[in-house]
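Participant: The sequence shown begins at 220 in this note's numbering and counts up by one.
Think of the CB as a built atom: it goes at the ideal place given N, C-alpha and C, for glycine as much as any other residue.
Quick caveat, the model's predicted, so the values are computed rather than measured.
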Amino acid sequence: MPAVAPSPACAAPSRDVGAELHALVAELVPLRRCITGDGLRQTLLALGERVPLRITEVPTGTPVLDWTVPQEWRVRQAYLARADGTRVVDWAGSPLHLVQYSVAVRDRMPLRALRAHLHTLPDQPSLVPYRTSYYAPTWGFCMSQHALDALAAEIGESGEVEIVIDAEHVEGSLTYGEVVIPGETDDEILLSAHACHPALANDNASSLAVATVLARRLLDGPRLRHTVRVLFAPGTIGAIAWLDRNRADLGRIRHGLVLANLGDAGGFTYKQTRRGTLDAPLPIDRAVALAMRDLGWALDVRPFAPTGYDERQFASPGFDLPVGRLTRTPHGEYPEYHTSADDLDLVRPASLAASLDALWAIVMALDGDGRYRNTQPYGEPQLGRRGLYASLDGPAAQQAALWVLNLSDGKHSLLDVAERSGLPVATVRAAADRLEEAGLLVPTDR
Ligand code: ZN
Numbered sequence: 220m221p222a223v224a225p226s227p228a229c230a231a232p233s234r235d236v237g238a239e240l241h242a243l244v245a246e247l248v249p250l251r252r253c254i255t256g257d258g259l260r261q262t263l264l265a266l267g268e269r270v271p272l273r274i275t276e277v278p279t280g281t282p283v284l285d286w287t288v289p290q291e292w293r294v295r296q297a298y299l300a301r302a303d304g305t306r307v308v309d310w311a312g313s314p315l316h317l318v319q320y321s322v323a324v325r326d327r328m329p330l331r332a333l334r335a336h337l338h339t340l341p342d343q344p345s346l347v348p349y350r351t352s353y354y355a356p357t358w359g360f361c362m363s364q365h366a367l368d369a370l371a372a373e374i375g376e377s378g379e380v381e382i383v384i385d386a387e388h389v390e391g392s393l394t395y396g397e398v399v400i401p402g403e404t405d406d407e408i409l410l411s412a413h414a415c416h417p418a419l420a421n422d423n424a425s426s427l428a429v430a431t432v433l434a435r436r437l438l439d440g441p442r443l444r445h446t447v448r449v450l451f452a453p454g455t456i457g458a459i460a461w462l463d464r465n466r467a468d469l470g471r472i473r474h475g476l477v478l479a480n481l482g483d484a485g486g487f488t489y490k491q492t493r494r495g496t497l498d499a500p501l502p503i504d505r506a507v508a509l510a511m512r513d514l515g516w517a518l519d520v521r522p523f524a525p526t527g528y529d530e531r532q533f534a535s536p537g538f539d540l541p542v543g544r545l546t547r548t549p550h551g552e553y554p555e556y557h558t559s560a561d562d563l564d565l566v567r568p569a570s571l572a573a574s575l576d577a578l579w580a581i582v583m584a585l586d587g588d589g590r591y592r593n594t595q596p597y598g599e600p601q602l603g604r605r606g607l608y609a610s611l612d613g614p615a616a617q618q619a620a621l622w623v624l625n626l627s628d629g630k631h632s633l634l635d636v637a638e639r640s641g642l643p644v645a646t647v648r649a650a651a652d653r654l655e656e657a658g659l660l661v662p663t664d665r
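1. Can you tell which of TYR353, VAL322, GLN364 and ARG331 has the C-alpha that lies nearest to the C-alpha of ASP342?
2. With 16 other CB atoms within 10 Å as the buried threshold, where does GLU291 fall?
3. Taking C-beta to C-beta, are TYR597 and LEU633 nearer than 9 Å?
4. Is HIS183 helix, strand or coil when you go by DSSP?
5. Could you round the C-beta distance between VAL432 and VAL566 to whole angstroms and report it? I think they count as a contact, below 8 Å.
6. Under 8 Å from any heavy atom of the ligand ZN, does the C-beta of LEU218 make it?
7. Can you tell me whether DSSP reads ASN480 as helix, strand or coil?
8. Could you name the residues whose beta carbon sits closer than 6 Å to any heavy atom belonging to the ligand ZN, keeping them in chain order?
9. For VAL623 and ALA650, I'd like the C-alpha separation in whole angstroms.
10. Hey, would you say LEU315 sits closer than 9 Å to PRO271, going by beta carbons?
11. Grab me the residues of ALA430's own chain with a C-beta within less than 6 Å of its C-beta, minus the 5 sequence neighbours each way, in chain order.
12. Classify PRO662 as helix, strand or coil using the three-state DSSP reduction.
13. Taking ALA332 as the reference, which of TRP310, ALA371 and ILE400 has the closest Cα?
14. In whole angstroms, what separates the C-alpha of TYR676 from that of GLY587?
15. Fully enclosed by the region 407 to 460, which alpha helix (DSSP H) runs are 4 residues long or longer?
16. Within 10 Å of its beta-carbon, does LEU497 have 16 or more other beta-carbons around it, so buried, or fewer, so exposed?
17. Quick check: what's the CA-CA separation for TYR528 versus ALA620?
18. Could you tell me which uninterrupted alpha helix (DSSP H) segments, each at least 4 residues in length, are contained entirely in the region 521 to 599, listed from first to last along the chain?
19. With distances taken Cα to Cα, identify the nearest neighbour of ARG350 among ARG306, LEU419 and PRO344.
20. What are the residues that DSSP puts in a beta bridge with SER392?
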């Protein structure tokens, strides 16, 4: 099918952005993110160098929906050491070695007793797992099974290990950041990425990087009809705090996506909205499928389930927001998930760039959607007399014009046209623009 030159607002980002995205992921990976604290703030500051971020601090103890904002967790040092003082594992080397939110400990115990506080991956013996215990006060260390086996061989089960966790839980605040790209209307597209995992590249530095570069490009591009809001918040509690703080304005959200795991080499997976699963697909559900179809990329579509990332909060029954979830390989389905192998090698420039292209196409499909009324619905209008054969360049554009004219009965949208005709969203959008200029269409929904 011959391609039609897209209108400027539909021009896709260039491909050389992969290296830029990978460099941003590399900048974010070392920051010691958690659900609160300075690593999270440093992450938002880094993103704020690229886009104008509005930062919100919600104080410890603030009730948010059914939750309470927790204390901040601050770590000065944490390690396990042999009797001679040499370190077995050290938080200074990698934040993955300490269970996030571990309470303070200074103790010695035999390896036999310490094992209850050690986390390894016996099936992936060279990798260090990522573990958290935000709401249950406990402590623990994460290490490779190989390192643990080597320690056991060296000191035996009764060998003493020194435990130091110099950490405190203090009154502070929970931080989230938002960038808003103003549109012609208050109708909003919400994009949300969690920002609480330290050290891991795909989950979640990849989505922070892709969402930030998308926001920069939207800010630099022509104004859209929709306002686009990009939210960077710690998982679960951050989304809950944001929802609590924005409860009165949630009605403006017309479409949304939770973004995660956008850098691995796997194909795209889309988790449908709650309403799209229970009733009929919503525009976001359809726009994601159409954008991938137009890009020629496979898409694994899954129904909504109340598990996963922050779509759980956005789609809780009281809110039931039209928010789906876009990932490449979903959480838990790639072997490096929540391990030290989720690193800069797992995340690929080409995958990051393609994720950006996909998101761009999705936003453009949503923003370009609309309903129209054909002003000449009795018989086909004469396109040649209006100069439309010249401006509708090529057979696809002319087919698109016929489809748009036929389905513009005020009930069907351009997404309907793109689905039924098999023609690209951008071609359909461009045809509608030409027909509107020629007076053959009038919008019925704006
Ligand atoms: Zn995760």
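Facilitator: For this structure:
1. Stepping through the sequence shown from its first residue, residue 342 is reached at position 123. Closest by alpha carbon: GLN364.
2. By one-based count along the sequence shown, residue 291 stands at place 72. Result: buried.
3. To locate residue 597, count along the sequence shown from 1; it is residue 378. To locate residue 633, count along the sequence shown from 1; it is residue 414. Cβ atoms of TYR597 and LEU633: not closer than 9 Å.
4. Given that the chain is displayed from residue 220 to residue 665, the structure contains no residue 183 and the question cannot be resolved.
5. Within the sequence shown, residue 432 is the residue found at index 213, counting from 1. Within the sequence shown, residue 566 is the residue found at index 347, counting from 1. Between VAL566 and VAL432 the Cβ distance is about 14 Å, and since that is not below 8 Å, they are no contact.
6. Past the boundaries of the shown model lies residue 218; the chain is included only from 220 to 665, so the question cannot be answered.
7. Reading the sequence shown from its first residue, position 261 is the one you call residue 480. ASN480: coil per DSSP, three-state reduction.
8. That query returns the following residues: HIS416, ASP422, HIS550 and HIS557.
9. Taking the first residue of the sequence shown as position 1, residue 623 is located at position 404. Taking the first residue of the sequence shown as position 1, residue 650 is located at position 431. Looking at the backbone, the Cα of VAL623 and that of ALA650 are separated by about 8 Å.
10. Taking the first residue of the sequence shown as 1, we reach residue 315 at position 96. Taking the first residue of the sequence shown as 1, we reach residue 271 at position 52. Pairing LEU315 with PRO271 gives a Cβ-Cβ distance that is not under 9 Å.
11. Mapped onto the sequence shown, residue 430 falls at position 211. Once the five neighbours on either side are set aside, the close Cβ partners of ALA430 are LEU410, ALA412, VAL449 and LEU478.
12. For the purposes of this step, residue 662 is taken as residue 443 along the sequence shown, with counting starting at 1. Strand.
13. Residue numbering aside, residue 332 sits at position 113 when the sequence shown is read from its first letter. Nearest Cα to ALA332 within the set TRP310, ALA371 and ILE400: ALA371.
14. The requested residue 676 does not occur in the structure, where the chain is confined to residues 220 to 665.
15. Within the region 407 to 460, complete alpha helix (DSSP H) segments of at least 4 residues are found at 426 to 439, given in chain order.
16. Numbered from its first residue, the sequence shown carries residue 497 at position 278. So LEU497 ends up on the exposed side.
17. Against the sequence shown, residue 528 aligns to sequence position 309. Against the sequence shown, residue 620 aligns to sequence position 401. Near 40 Å, if we compare the C-alpha coordinates of ALA620 and TYR528.
18. As far as the region 521 to 599 is concerned, its whole alpha helix (DSSP H) runs of at least 4 residues are 530 to 533 and 568 to 587.
19. Taking the sequence shown and counting its residues from 1, one reaches residue 350 at position 131. Nearest C-alpha to ARG350: LEU419.
20. As a working note, residue 392 is residue 173 in the sequence shown. According to DSSP, which records beta bridges pairwise, SER392 is partnered with PRO278.
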